[in-house]
Amino acid sequence: MTRIFFLSLVTLFLPFCEASITLADTTEDVQENPFAMSLEQLMQVEITGATLTEKSLKNVPAAVTVFTREEISRLGMDYLHELLNLVPGYQSQRYSDMSTGSNYSSRGRRQGANSREVLLLLDGRPMNDPRTGGPISGKRLPLGQIDRVEIIRGPGSAIYGSNAFTGVINVITIKNENKAAISAGTDNHQEGELHLSHQSGDWHSRLYAHGAYDRGQDYTVHDTFSASSITTTDPSQGGDIDLAIGHNNTLLSLSHSQTNTDDFYTFELLSNGFNSNKSRDTLLTLEQSWNWHKDLATHLLIGHRESDVWFNSQITQAGSLVLISDPPSSDPLLAQSIVKSNAQYLQFHNDWTLDKNSSIQGGLEWRHEAETEARAYNNFDLAELTALMNGETASPVSYYGNFDHFTQIGSEEDRNVLGIYAQYQRPLWQHAELTMGARYDKYSDINGILSPRLAVVQQLTAIHTLKLLYGEAFRAPTLAETGLLNNPLQVGNPDLDHETIQTWDLIWMAQWQKLGLNLGWLHNRINNPIAQEIVNGINTYTNLDKKETSQGVEMEANLQVSPQWLLRATFTRLTELPDSAFREADTLGSFMINYEKNAWNFNLVGIYHSEREMLSDNTHLTLNDYWLLNSKLRYRYNKNWQFFVQAKNLLDEEYQTTAQGNGLVEGIANRGRELGVGVIWKF
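Below you can see the structure in the form of C-alpha cells.
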C-alpha cells in the first residue's frame, strides 16, 4: 500500500501542475549552471546552523562542510547518509537492525546502532527520535529534498542541547520549485519525486512527496541459527510527504515518513518470511516570527512528533526451548514488537543586533519526551525467559503457541527537558571575531548540565583564515538506554547519567581564485562516557569511570582546474581513538571529479574507509578496508528537462560493515552494484 500510495501521488499531481502552480523562481545563474558560482563565491554561501545567524565558510566559528542543491544534483547518490561519506570526519555504514538502516558518526564517536551523538535538523526542526535519540528508524532522507545542507563537526550543545554531541546536520529544504522526477533501475527499483509551490498574495504553500520501492538484492550469509549458509534479501518500500502552508510570518508544517522492510537482519538475527520492520514518523509544527524592529527579531516554534516502530524477529533456534518450556515446545521464540514514542517541543529564539558588528542571541527550549508503548507479543513468555537466563528464577517458560500474550519491553516512562541559552558575537580586534555562549539544560530525571563555547576567527589576509574553537557538549541517556526491559539480547540501565565532551579545534583555511584548502586539528576528551558492554552475552549500557580521548586531522580541498573541470578531495586521520571506538574506521578519504561541457555533466566519486573491527563471540573480528565508486552522467535537454544515468558501487565491491552486538561471525553484507536511469521535469 505504501508503494502504491506514494508513487500514485506523484503521478496523479502531474496533470494539474501547470494549472494550479505559480512558476518557480527562474533565476538560473546558480541552479542551472554548475560553475556559475566560483570557488570564492562558494566561500560566501550562507551558513546558519552554527550560530543561528548568517555566516560564511570563512567566518563561521565551526568546522563546517556545505553542499548546495546543484552540487548534490551532480552526485550518483540518493540519500543523506551516502553524502556524509564526502565530509571530513564523518562516516556512515549499514547496520543490522533493519535493511534500510544506516548509522553515521562524527570523528569516530558512536555508541550503539543509532546515531545518537549527531543532531539532525530539517528546516530547524529536530528529526531525532524521542526514544532512541538517533535519526528516525529506517528513514532515509532523500537528497532531492535538499536545497542546502550544513554538516558541522564538533559540539553544538551550547545552542541545541543534548544529541549535538559531536556534530550537527542542518538541512534546508527546497522552497520555491515545481519539479517532478521519476527513476528506475536494477533490482526493480522504482522512485518518484514531486515538488510543488504556490504563492498568492500573503499566502504561500509547498508540497514535497517522495516514494520508492526496491525488490532487494540477494545475499548469501551465515545463518544465525545454524552452522550453514542462507540466502536472504532486503526488499523495501517507503515514502515521505512534507507539506507547509504559510501566511506572512506564520507557517504550519506537516511531515510524514514511512518505511517497510522484509527479511534481512532484525537485531542481527535472520528469519526469512518472518523478519520485518515498519517505521512511521509524523511531525506537526507551527512557527511564528516577529520583527519588532530592524534590530530585534523573535521566532517561536511549537511542535508535536509521533514515532512508531513495528518489528518481527525470530530470537532463538527451533528446539532450543523444548527442555525449559511448559508445555514443552520445539518452536523458535518469535516476537512481534511495537514501540511508540512522542515528543512535544517549544522553542523560543531571539536575535538582537547591537550594532553592525555585534549581536546577541538567546532563548529557551522546552521538550517533553515519552515512550508511550513498548510491547512484544510472543509465543513464549519473554519475561520468564529473561528471568531464567539471568538466574532470577528456575521456573519453566510458559509456551502460548500464539501472539495473544505480550511482554512489556520498555519502561514506558517520560521526562521533561528545559534548556536556556545565550550567545554573544562581536569583533575582538582587527579582522578577528569572537563568539561566546552557553546553554544550561535541566532534565526531570538527571542532573542539570552547562555547555559553554568560545571561538575566535582571525582573518590573517584576504586568502588565509585561522580559527580557534573550544566547545563542550553533553548527551543525556535516552529512554531506550535507560528503560529497555525483558529482553534476552539487550537491557537498559536506569542509573545512567549524561556523558560530556570537551573539544578543541584549530583550523587553517586558504582560498585562492581556483583552489580552496581547509586543514584542521581536533582533540576530544569525553568524561563519564556511556558505553555499550556485553555481560553474560547480553548488551547493556554503563557510564565508564574514566576519560576517553581522541584526536586527529581533517582536510578538505577544492580545485577548479578549468571552467569544465572541478576536483574535490577529503582526508581524515584519527590518530588516537578510545578502545571503545573499534567499530569505527580511523582513516577516511574521498575524491570527486566533475566534468561539465555544454549540456553534459559527468561526475565520479570515490569513498575510502579503512579497517574496522566488530565483536564475534567476544573476540575482535577485523573487517577489510574498501573503496566505493559512484558515478552519474546528466544531460540537460533544455532548462525544463534533464536525463541521467547513475551507478552506485560501480565496481560491484563486496564489503562488510560492523554489527553492534556479539553474535554474528561475519560483518553485515552491503549492496552490490546498483544502476539507474531517470528523468527530471521542471515546470
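Residues in the sequence shown are numbered consecutively from 708, following my numbering.
From the three backbone atoms N, C-alpha and C, an ideal C-beta is built for every residue, glycine too.
Values in this document were obtained by computation on a predicted structure and should not be read as measured data.
Query raised in the report: Leaving out five residues before and five after PRO1035 in sequence, what residues of the same chain have Cβ atoms less than 7 Å from its Cβ?
Result: For PRO1035, where only same-chain residues beyond five positions count, the Cβ hits under 7 Å are VAL1029.
Query raised in the report: Considering only C-alpha positions, which residue in the set LEU1008, LEU993, GLN995, PHE1110 is nearest to LEU1041?
Result: Looking only at LEU1008, LEU993, GLN995, PHE1110, the smallest Cα-Cα distance to LEU1041 is reached by PHE1110.
Requested in this report: Starting from THR1279, follow its DSSP beta bridges and name the residues at the other end.
Outcome: GLU1261, LEU1295
Query raised in the report: In whole angstroms, what separates the C-alpha of PRO1184 from that of ILE1237?
Result: 8 Å
Requested in this report: Determine, using beta carbons only, whether ARG801 comes closer than 8 Å to chain D.
Outcome: No chain D is part of this structure, which consists of one protein chain only.
Query raised in the report: Is the segment 1205 to 1212 touching the segment 1167 to 1185 in the sense that three or more CB pairs, one from each, lie closer than 8 Å?
Result: Touching, yes.
Requested in this report: Please confirm whether SER986 and GLY1385 have their CB atoms less than 8 Å apart.
Outcome: no
**Report entry** THR873 classed as buried or exposed, judged by whether at least 16 other C-beta atoms fall within 10 angstroms
**Finding:** Per the 10 Å Cβ criterion, buried.
Query raised in the report: Looking at C-alpha atoms only, which residue of LEU976, ILE1009, PRO942 is the closest neighbour of LEU959?
Result: ILE1009
Query raised in the report: Quick check: the segment 1359 to 1372 against the segment 970 to 982, are there 3 or more CB pairs under 8 Å?
Result: yes
Query raised in the report: Nearest to ASP988 by CA position, among LEU1196, LYS1047, ALA1025, THR940, is which residue?
Result: For ASP988, the nearest C-alpha among the options comes from LYS1047.
Query raised in the report: At what residue ranges does the segment 1143 to 1174 contain a whole run of the beta strand (DSSP E), taking only runs of 3 or more?
Result: 1156 to 1166
Query - DSSP-derived helix/strand/coil call for ASN1305 - result: coil
Query raised in the report: At a cut of 8 Å, does the segment 1164 to 1173 reach the segment 1134 to 1150 through at least three beta carbon pairs?
Result: yes
Query raised in the report: Got a sec? Which residues, its chain only, sit under 7 Å from LEU1382 by beta carbon, not counting five neighbours each side?
Result: GLY892, THR893, ALA1354
**Report entry** Cβ contact check for the segment 1091 to 1099 and the segment 1060 to 1075: 3 or more pairs under 8 Å
**Finding:** With a cut-off of 8 Å, the segment 1060 to 1075 and the segment 1091 to 1099 do not count as touching, because too few Cβ pairs lie within range.
Query raised in the report: Cα separation between GLY861 and LEU1175?
Result: 12 Å
Query - Complete beta strand (DSSP E) runs within the segment 1022 to 1093 (minimum length 3 residues, chain order) - result: When DSSP assignments are scanned along the segment 1022 to 1093, the uninterrupted stretches of beta strand (DSSP E) that are 3 or more residues long and fall wholly within it turn out to be 1041 to 1060, 1066 to 1085.
Query raised in the report: Using DSSP with H/G/I as helix, E/B as strand and the rest coil, what is ARG1378?
Result: coil
Query raised in the report: What is the C-beta distance between ILE1375 and ARG801, in whole angstroms, given that I count them as a contact (C-beta under 8 Å)?
Result: Correct: roughly 5 Å between the Cβ atoms.
Requested in this report: Note down the Cα distance separating TRP1388 from SER904, rounded to an integer number of angstroms.
Outcome: Distance between the alpha carbons of TRP1388 and SER904 is about 14 Å.
Query raised in the report: Unbroken alpha helix (DSSP H) runs of length 4 or more, entirely within the segment 1170 to 1244: which are they?
Result: List check, alpha helix (DSSP H) in window: 1186 to 1190.
Query - Start-to-end residues for the alpha helix (DSSP H) that takes in TYR867 - result: 864 to 867
Report task. Please go through the same chain and pick out, in chain order, the residues whose beta-carbon is closer than 6 Å to the beta-carbon of THR963, but skip the five residues on each side of it. Result -> Per the sequence shown, the amino acid found at residue 963 is His instead of Thr. Answer for HIS963: ILE948, THR989, listed in chain order.
Requested in this report: Sort TRP1228, VAL1124, ASN1123 by Cα distance to LEU1173 and report the nearest one.
Outcome: TRP1228
Query raised in the report: To which residues of the same chain is ARG1306 closer than 8 Å at the C-beta, ignoring the five residues directly before and after it?
Result: In the sequence on display, residue 1306 carries Ala and not Arg. Hits under 8 Å: TYR1342, ARG1343, TYR1344.
Query raised in the report: The beta strand (DSSP E) spanning SER780 covers which residue range?
Result: Here SER780 belongs to no beta strand (DSSP E); instead the alpha helix (DSSP H) covers 776 to 780.
Requested in this report: Look at the Cβ atom of MET805, then the Cβ atom of THR968, and state whether they are nearer than 8 Å.
Outcome: yes
**Report entry** Status (buried if at least 16 other CB within 10 Å, exposed otherwise) for LYS846
**Finding:** buried
Report task. Please check the pair VAL878 and VAL856, which I expect to be a contact at CB under 8 Å, by giving their CB distance rounded to whole angstroms. Result -> 5 Å
**Report entry** Burial state of GLU1318 (16 or more Cβ within 10 Å)
**Finding:** exposed
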